[in-house]
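Participant:
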Amino acid sequence: MTRQTTKSAPIEASITEEQVLDFLRTHPDLLRRHDEVLSALDIPHDSGDAISLVEYQARVLQNKTRELSTRLEHLLWIARDNDRLAEQMHRFTLEMLSANDLEEALVALRDGLRQDFKADVVQVILIADKAPTSTIPVLAPDDAATEALQAHFSHETPVLGELDTERLQLVFGEQAADIRSAAVVPLDEPPILGFIAIGSRDPDRYHIEQGTVFLSHLGALVSRILHRAIEP
415 MTRQTTKSAP IEASITEEQV LDFLRTHPDL LRRHDEVLSA LDIPHDSGDA
465 ISLVEYQARV LQNKTRELST RLEHLLWIAR DNDRLAEQMH RFTLEMLSAN
515 DLEEALVALR DGLRQDFKAD VVQVILIADK APTSTIPVLA PDDAATEALQ
565 AHFSHETPVL GELDTERLQL VFGEQAADIR SAAVVPLDEP PILGFIAIGS
615 RDPDRYHIEQ GTVFLSHLGA LVSRILHRAI EP
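The C-terminal residue of the sequence shown carries number 646 in my numbering, and the numbering is unbroken.
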């Protein structure tokens with residue numbers, strides 16, 4: 415009787431790249447303990463030459479250092495810019511508060527935005543049932559222009575960036591042709607509603623990526639001061 419011997423089929427262990435990476439992450443000192451493997455590794459370089467892993471790591475660290483330095487410089491620039499804005503806002507607020515009436519407040523508003531905030535064009539559009547004084551024009555709430563403004567601009571959030579021709583005409587009128595970017599800030603302090611339209615000849619001065627917090631604060635400040643200026 416002949417005995418048959420059954421051989422087991424070889425077991426092929428399939429190790430994935432992710433498993434290798436996981437192992438290296440949990441054993442970060444592996445290559446240090448096996449420097450013969452470390453010295454055998456090479457990595458292609460952009461020049462076509464192979465470089466050692468150590469050299470590659472050094473270059474990666476240099477690139478990260480440069481990136482961090484760039485980010486730090488950007489954060490410092492933002493901090494300096496915020497300081498500048500705070501100082502300008504303080505000066506602007508004092509000028510507005512020194513106004514004795516609505517006309518003086520509007521003059522301070524326009525002058526402040528042009529001088530401190532480098533606006534090329536400033537338009538103040540007031541919406542009210544009646545004009546607070548005979549020299550200050552306002553739009554009636556049921557006026558067609560008022561309805562168009564309220565259809566295109568929010569009474570809650572500033573709008574900024576490049577505006578289409580129709581919206582530019584609504585807020586800047588004859589000066590619309592020179593405007594390349596703009597910020598339109600709502601005024602919402604009854605009995606006066608309206609908008610401040612700030613225009614620039616620089617297409618990059620106002621863009622949609624910019625935050626609206628500062629402009630919202632500006633609108634709230636101006637609304638309150640104008641409201642105070644018309645109170646008897």
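For each residue, glycine too, the CB sits at the ideal point set by N, CA and C.
With distances taken from CA atoms, which of Arg528, Trp491, Leu489 is nearest Gln502?
Facilitator: Residue Arg528 is the option with its Cα nearest to Gln502.
Participant: Using 10 angstroms around the beta-carbon of Gln537, count the other beta-carbons present and answer buried if the total reaches 16, otherwise exposed.
Facilitator: Gln537 should be labelled buried.
Participant: With a threshold of 8 Å, are at least 3 pairs of Cβ atoms found where one atom belongs to the stretch 584–597 and the other to the stretch 611–629?
Facilitator: Judged by Cβ distances under 8 Å, the stretch 584–597 makes contact with the stretch 611–629, as three or more pairs qualify.
Participant: Find the nearest neighbour of Ile644 within the set Pro546, Thr479, His441, judged by alpha-carbon distance.
Facilitator: That would be Pro546, whose Cα lies nearest to the Cα of Ile644.
Participant: Give every residue of the same chain whose Cβ lies closer than 6 Å to the Cβ of Arg619, excluding the five residues on either side of it in the sequence, and list them in chain order.
Facilitator: Hits under 6 Å: Ser595.
Participant: Can you tell me which of Arg439, Leu486, Asn514 puts its alpha carbon nearest to the alpha carbon of Leu640?
Facilitator: Among Arg439, Leu486, Asn514, the Cα nearest to that of Leu640 belongs to Asn514.
Participant: Under 8 Å between the Cβ atoms of Leu563 and Val552?
Facilitator: No, the pair does not count as a contact, with Cβ atoms beyond the cut-off.
Participant: Return the chain-ordered list of same chain residues with a C-beta closer than 7 Å to the C-beta of Pro424, the five sequence neighbours on each side being excluded.
Facilitator: In this predicted model, Pro424 has a pLDDT of only 49, less than 50, meaning its place in the structure is not dependable enough to derive any value.
Participant: Going by beta-carbon coordinates alone, are Val636 and Ile612 separated by less than 8 Å?
Facilitator: Taking 8 Å as the Cβ cut-off, Val636 and Ile612 do not qualify as a contacting pair.
Participant: I need the boundaries of the alpha helix (DSSP H) containing Asp515, first residue and last residue.
Facilitator: Neither: Asp515 is in no alpha helix (DSSP H) and is coded neither H nor E.
Participant: Compute the Euclidean distance between the alpha carbons of Leu444 and Leu435, then round it to the nearest angstrom.
Facilitator: Distance between the alpha carbons of Leu444 and Leu435 is about 12 Å.
Participant: In terms of DSSP beta bridges, what is Ser630 paired with?
Facilitator: In DSSP, Ser630 forms no bridge with anything.
Participant: How close, in whole Å, do the beta carbons of Gln583 and Val535 come, if the pair is a contact with beta carbons under 8 Å?
Facilitator: Not confirmed; about 13 Å, so no contact.
Participant: Looking only at its chain, what residues have a beta carbon closer than 6 Å to the beta carbon of Glu570, apart from the 5 residues adjacent to it on each side?
Facilitator: Hits under 6 Å: none found.
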